[in-house]
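K.L.:
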Amino acid sequence: MAGLYKKLRNFLAHPVESVRVMLGLPVEGTAAGRWEDVSNLRENWDERTIRIAGMIPPGAAVIEFGAGRLVLRDHLPAGCSYQPSDIADRGAGTIVCDLNQGFPALPGHYTHAVFSGVLEYIADIGGLVDSLKPHADTIIASYATIDRMPDLIKRKRRGWINHLSGEQFVAIFLERGFELSDSSEWKNQTIYVFRSAGRA
Ligand SMILES: C[S@@+](CC[C@H](N)C(=O)[O-])C[C@H]1O[C@@H](n2cnc3c(N)ncnc32)[C@H](O)[C@@H]1O
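Quick note on numbering: my numbering labels position 21 of the sequence shown as 1187, and the sequence is numbered without any gaps.
(1) Excluding the five sequence neighbours on either side, which residues of its own chain have a C-beta within less than 6 Å of the C-beta of Glu1230, listed in chain order?
(2) Using only alpha-carbon positions, find the residue among Glu1209, Asn1328, Leu1346 that is nearest to Thr1196.
(3) How about Ala1310 and Gln1355: do their beta carbons lie closer than 8 Å?
(4) Helix, strand or coil, according to DSSP, for Ile1261 in the structure here?
(5) Determine which residues share a DSSP beta bridge with Tyr1369 and list them.
(6) Rounded C-beta distance between Ala1198 and Asp1264? I'm assuming under 8 Å.
(7) Reducing DSSP to helix, strand and coil, say where Phe1344 ends up.
(8) At a cut-off of 7 Å, would you count Tyr1287 as near ligand 1, judging by its Cβ distance to the nearest heavy atom?
(9) Give me the residue from Ser1308, Phe1339, Leu1318, Gly1364 with the minimum Cα distance to Glu1351.
(10) Given a threshold of 16 other Cβ atoms within 10 Å of its Cβ, counted over all protein chains shown, does Glu1213 qualify as buried or as exposed?
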């Protein structure tokens, strides 16, 4: 009942976005209403998050943007700290921020920043990396490149607002002083690990 009430409240607050998401039509810009509704956070993304957790060493200080259902927190190795951030409040001290509107004040320095299924929704990935760089040593980010997912209609239906090749995506990080230290495939997406050059 509470879930139904939340859905209705969400629909009334964001009617246009809600109808577009329901009809599978492209959503312009940031779909805040979509993301407030936790039923839009799919369990079949958990495998990707668990894979990313396996790339993080024990004792790491982790911040996750677009933290969703906080699945990463529950799969981190021993001794890690975890700071979630998202456009909607996910509990656990979430830093609430629309990354298309600005970058949040961060309370600490992080060894690892994670974006799992998030950067496709971001208008200015370069600006985001510029803002994040002083706060994180390593960035682990999944991305669905246009090389592996070329169907623009499908991309837009998912609400994705950028359409980069793998080369273009990696270049954004290299131009900002990161090195590509690893990449692996998950379904038709790539999981990249970028390390800030000059940091351990
Ligand atoms: C596809 S979901 C992925 C969720 C989670 N990382 C996972 O893999 O299960 C995208 C996530 O990014 C967040 N998000 C989307 N647009 C955002 C924005 N402009 N600023 C901050 N977070 C955003 C959503 O709220 C959601 O949690």
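In this text, a Cβ means the ideal position worked out from N, Cα and C, and glycines have one as well.
P.N.:
According to the data block:
(1) Leu1238, Pro1250, Val1280
(2) Asn1328
(3) yes
(4) strand
(5) This structure does not reach residue 1369, given that the chain is present from 1167 up to 1366, and the question cannot be answered.
(6) 7 Å
(7) strand
(8) yes
(9) Ser1308
(10) exposed
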